[in-house]
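For reference, the structure is listed below as structure tokens.
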Amino acid sequence: MALASKKSPVRAGLSHLILIGFGLFFALPFYWLLTTALKTDDQIFRIPPVWIPSPAVWENFPRALTYVPFGRYTWNTLQICVLSVVGTVLSCALVAYSLAKVPWRGRNWVFYSLLATMILPGQVTMIPTFTIFKALGWIGTSLPLWVPSFFGSAFNIFLLRQFFLTIPAELSDAARIDGCSDATIFWRIVMPLSKPALATVGLFTFIGSWNDFLGPLLYLNDERAYTLSMGLQRFVSQHGAEWSLLMAASTVMTVPIIILFFFAQRTFIQGISTTGMK
Amino acid sequence: MSLTATRAARERARAARDNRTGLLFALPWLIGFAVFFAYPVLASLYYSLCSYDAIRPPRFVGLQNFQRLFFEDDLFWKSLGNTLYMVAFGLPVGLIAALAIALLLHQKLRGIAFYRTLFYLPSITPVVATSILWLWLLNPEIGLINVALAKLGISGPAWLTDPAWAKPALILMGLWGAGGGMVIYLAALQDIPESLYEAASLDGARGPTVLFRITLPMLTPVILFNLIMGLIGTFQYFTQAYVMTSGGPQDSTTFYALHLFNQAFLDFRMGYASAMAWVLFLITLACALLVFKTSARWVYYAGEER
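Chains H and L, in that order, give the protein sequences.
Quick note on the numbering used here: the first sequence kicks off at 1 and runs consecutively.
Quick note on the numbering used here: the second sequence kicks off at 1001 and runs consecutively.
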């Protein structure tokens, strides 16, 4: 923060000016998203553009949501998100515990296997994984989208391992002397102490699965099982010119993520500073 | 004697128990690794040497897929070129934008938290929603971008419908999501010790000197991190192209991952697509290694002997 410890009003004003200039590039698309959603077709195609929709057509929202069963898509998406979060947090914490707290023989091997999965592009495993799910008869169901999360993912395991290492060994040693098993230490000591890290993993998993497109594209061929991203993509390919409805639907998909961000801002920031490095 | 013997025995028992416990806790990953990684990798290697349509069993064809890939598939080269275009232009532009914004936001100013939030939000906006929004913003006739350019007296290009402008349009849209890299730079900026700046100001160093001699060198590990992650991500660029252009116009946005996807799941040439996937892996790996090799020269790790 040294750069700006003492700032004259002029320089502060200049800074604001620059930031507002850049800020417009970031803010205007959001404004345009929301206002287009509220416009009539006539207002949409007018030049010069209409900045404040009047009349504001709030009915576009219910129209967009009933045009395509977005309520159903939202429910489908939520289910996948919640199951993925539970699966990821639980499985990654277990594996991270074995890496951070148990001195066992296979540790290094697990470590290398984690690295290997991070280096290889998903495209390599995509096709055989697809054939596995096909053999299981899971194509068209949401199972391929959340079941794998119960088997850990490299990035999150690393993140949690890093956090578990900061928990003093004395705590678990003392518990062990008192006769606690590793299961108890994991569940009663390590997990409660790691809430911030677990929240970070859960949050990013939720957002990742809410935003995921390739997964649903590969596995959901039944319209009733569509997620929001899938439904939205089909919507644009079928009703490409219905801009107000498209913007309304896109708003509906975006707003929950933004609300989530505001509720969990601190978790986000902590997560970023831990995931960013090391 | 017997005392040390019992201790050794106890330690052995402890080690055996630890081995069991560790294995048990790591079990989800070990199963997942076998099923979702080890087997798929081996199968994919095999498929890449096969003709396979996911219905009939794979038929071994040797190196035919690779031969067709390199010598008969023009779209392979075109899609590789498109992807390398994004790596060569989109990636550095995005990295520099993220860094510039982070530097701008790293100051004490009233309302700075508001700006940070604003610049960050686009990066967590769902990709499909972002793509649809930008499809609208980039509309040649009535999109906001060209309307704004017209205000400045510039007649904007046809963006996504012009083969020459489609990729720049995607890069422009990518800038909107620069907040993802920005926050990582911001976190790193906050970790630079104050004492460095104090020492520099005592020595009479000013703005640009401080930036180039202290701030940027201290950021190089994070720049490397963002560069590698960006490299991997750019080589797999897919969703935006799938949603916005389906690879058009004239295949100008048929990126490698999109071509691969179409081969696998549109034409059901799964063996061919597997061969493509391995080539993608090798190219990504080569680029990543190249970056790591040069990184010794430009990445500065604090506390490291120089």
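Quick reminder that beta carbons are idealized off the backbone N, C-alpha and C, glycines included.
The structure presented is a predicted model; accordingly, all values stated were derived computationally and were not measured.
Determine the chain H residues that contact residue i at a beta-carbon separation under 8 Å, and present them in chain order.
i	result
Leu-1133 (chain L)	Pro-29, Trp-32, Leu-33, Met-247 and Ser-250
Trp-1176 (chain L)	Phe-25, Phe-26 and Pro-29
Val-1243 (chain L)	Phe-213, Gln-233 and Val-236
Tyr-1047 (chain L)	Ile-127 and Pro-128
Go ahead and label residue i buried or exposed: buried means 16 or more other beta carbons lie within 10 angstroms of its beta carbon, across all protein chains shown.
i	result
Gln-123 (chain H)	buried
Leu-99 (chain H)	buried
Ser-1252 (chain L)	buried
Ser-971 (chain L)	As displayed, chain L neither begins before 1001 nor continues past 1306, which places residue 971 (chain L) out of reach and without an answer.
Asp-212 (chain H)	buried
Pro-1057 (chain L)	exposed
Asn-1146 (chain L)	buried
Tyr-31 (chain H)	exposed
Arg-1213 (chain L)	exposed
Gly-276 (chain H)	Only weak support exists for where Gly-276 (chain H) lies, its pLDDT of 47 falling under 50; the coordinates are left without a value.
Met-1276 (chain L)	buried
Lys-39 (chain H)	buried
Asn-221 (chain H)	exposed
Val-190 (chain H)	buried
Met-1270 (chain L)	buried
Ile-1055 (chain L)	exposed
Grab me the residues of residue i's own chain with a C-beta within less than 6 Å of its C-beta, minus the 5 sequence neighbours each way, in chain order.
i	result
Leu-1109 (chain L)	none
Val-50 (chain H)	Gln-43
Gly-1177 (chain L)	Pro-1122 and Ser-1123
Gly-152 (chain H)	Ser-91, Cys-92 and Val-95
Ile-258 (chain H)	none
Ser-1274 (chain L)	Ser-1044, Tyr-1047 and Ser-1048
Pro-1157 (chain L)	Trp-1165
Quick one: which chain L residues come within Cβ less than 7 Å of residue i?
i	result
Asn-211 (chain H)	Pro-1126 and Val-1127
Ser-229 (chain H)	Pro-1126 and Val-1128
Met-191 (chain H)	Within chain L, no residue comes near Met-191 (chain H); the closest Cβ sits about 12 Å away, beyond 7 Å.
Ile-80 (chain H)	In chain order: nothing, as chain L lies at least about 14 Å away.
Ser-142 (chain H)	Within 7 Å Cβ-Cβ: nothing; Ser-142 (chain H) doesn't reach chain L, min ~17 Å.
By Cβ distance, which residues of its chain are closer than 7 Å to residue i, with the 5 residues on each side in sequence left out?
i	result
Thr-77 (chain H)	Trp-210, Thr-227 and Leu-228
Val-85 (chain H)	Gly-202, Thr-205 and Phe-206
Tyr-73 (chain H)	Tyr-226, Thr-227, Leu-228 and Gly-231
Tyr-67 (chain H)	Leu-245
Lys-1078 (chain L)	Asp-1251 and Thr-1254
Lys-1293 (chain L)	none
By the criterion of Cβ-Cβ separation under 9 Å, what are the contact partners of residue i in chain L?
i	result
Lys-134 (chain H)	Ala-1054
Phe-261 (chain H)	Thr-1117, Tyr-1120, Leu-1121 and Ile-1124
Val-57 (chain H)	Chain L residues near Val-57 (chain H): none, gap ~16 Å exceeds 9 Å.
By Cβ distance, which residues of its chain are closer than 8 Å to residue i, with the 5 residues on each side in sequence left out?
i	result
Pro-216 (chain H)	Leu-145, Tyr-226, Thr-227, Ser-229 and Met-230
Asp-1203 (chain L)	none
Trp-1298 (chain L)	Thr-1220
Asn-1226 (chain L)	Leu-1095, Ala-1098, Gly-1181, Ile-1184 and Tyr-1185
Gly-71 (chain H)	Leu-65
Val-102 (chain H)	Asp-182
Ala-1005 (chain L)	none
Tyr-1242 (chain L)	Leu-1258 and Phe-1261
Thr-1209 (chain L)	Ala-1200
Please compile the residues from chain H whose C-beta is within a distance smaller than 7 Å of the C-beta of residue i.
i	result
Pro-1028 (chain L)	Ser-91, Leu-94, Val-95, Phe-150, Phe-151 and Gly-152
Trp-1278 (chain L)	Val-124
Pro-1040 (chain L)	Thr-125, Pro-128 and Thr-129
What do you reckon, are the CB atoms on residue i and residue j nearer than 7 Å?
i	j	result
Phe-186 (chain H)	Tyr-97 (chain H)	yes
Ala-174 (chain H)	Thr-267 (chain H)	no
Thr-1220 (chain L)	Tyr-1272 (chain L)	no
Thr-1234 (chain L)	Leu-1063 (chain L)	no
Tyr-1120 (chain L)	Leu-1105 (chain L)	no
Pro-128 (chain H)	Pro-1040 (chain L)	yes
Val-1093 (chain L)	Ile-1171 (chain L)	yes
Thr-36 (chain H)	Met-253 (chain H)	no
Gly-1196 (chain L)	Pro-29 (chain H)	Correcting the residue identity first, residue 1196 (chain L) is Leu in this sequence and not Gly. No. Outside cutoff.
Ile-1228 (chain L)	Ala-1187 (chain L)	no
Val-110 (chain H)	Ala-1026 (chain L)	yes
Ile-1132 (chain L)	Ser-250 (chain H)	yes
Whose Cβ in chain L lies nearer than 8 Å to the Cβ of residue i?
i	result
Gly-122 (chain H)	Gln-1236
Ala-12 (chain H)	Leu-1109 and Arg-1110
Asp-182 (chain H)	Thr-1021 and Phe-1025
Trp-243 (chain H)	Trp-1136
Leu-218 (chain H)	Phe-1265
Just to make sure I have the definition right: I need the residues of chain A whose C-beta is within less than 7 Å of the C-beta of residue i. Which are they?
i	result
Arg-105 (chain H)	Among the protein chains of the structure shown, namely H and L, there is no chain A.
In chain order, what residues of the segment 153-177 of chain H put their CB closer than 9 Å to some CB of chain L?
Of all residues in the segment 153-177 of chain H, Ser-153, Ala-154 and Ile-157 have a Cβ within less than 9 Å of some Cβ in chain L.
Please list, in chain order, the residues of the segment 1138-1151 of chain L that have any C-beta partner in chain H closer than 7 Å.
For the segment 1138-1151 of chain L, the set of positions with a beta-carbon nearer than 7 Å to some beta-carbon of chain H reads Ile-1142, Leu-1144 and Val-1147 in chain order.
Taking Cβ-Cβ distances below 7 Å as the criterion, which residues of the segment 1092-1109 of chain L are in contact with chain H?
Listed in sequence order: Ile-1101, Leu-1104, His-1106, Gln-1107, Lys-1108 and Leu-1109.
Taking Cβ-Cβ distances below 9 Å as the criterion, which residues of the segment 1252-1269 of chain L are in contact with chain H?
Listed by position, the residues of the segment 1252-1269 of chain L near chain H (Cβ gap below 9 Å) are Tyr-1256, Ala-1257, Leu-1260, Phe-1261, Ala-1264 and Phe-1265.
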